[in-house]
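So the sequence shown is numbered by the working numbering: it starts at 8 and just counts up by one.
The structure appears right after this line, and notes come after that.
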Amino acid sequence: HGHGHSHGHGHSHGHGGHHHGTDVMSISVTHRGGMNYDALSQFLGKHLQEHGDDILRMKGIVATNTGAGQIPRAALYEKLCFQGIHGSFEGDVIGTYAAEEALESRIVFIGRDLDAEALQNGFLACAE
């Protein structure tokens, strides 16, 4: 499915300066299911370390089993809400999913010259 960006992936990053113009884009990725917390944390940390200057902001709510909250049964997933600005990110558990509630994990990246395919593949690789 096309993401409407057609810059040949030769990646010449000589755009001259840091102007916030038409080169700012957003990428949203949704997964209908749970995410592996450790894999997700590792992916986001690595990506921010390598591309932190290009990522202006990221935010999302993911279904994950962090173990941080009070989980009545192991089958229940928590709703982890997180946000990041440039090189850092933080998250908080904002609730749990009911047994009959559909799991959904979604993340949005806002930045310059983002590699939509790499972000989508990296996020989806953290799915359980």
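For each residue, glycine too, the CB sits at the ideal point set by N, CA and C.
Closest in alpha carbon position to V69, among D122, G118 and Q90, is Q90. Residue environment: S112 is assigned as buried (16 or more neighbouring CB atoms within 10 Å of its CB, all protein chains considered). Per DSSP, reduced to three states, the secondary structure at H54 is helical. For I34 against A134, the beta-carbon gap comes to about 17 Å, at or over 8 Å, which does not count as contact.
The residue among T71, K66, N72 and L110 with its C-alpha nearest the C-alpha of I92 is K66. Nearest in C-alpha terms to K86, of all of V36, G94, V100 and F96, is V100. DSSP places G98 within a strand segment (E or B) once states are collapsed to three. Distance between Q49 and L121, taken at the CA atoms: about 19 Å. In the DSSP annotation of this structure, A70 is not part of any alpha helix (DSSP H); the continuous beta strand (DSSP E) holding it starts and ends at I62 to T71. Assigned with DSSP and collapsed to three states, G129 falls in helix.
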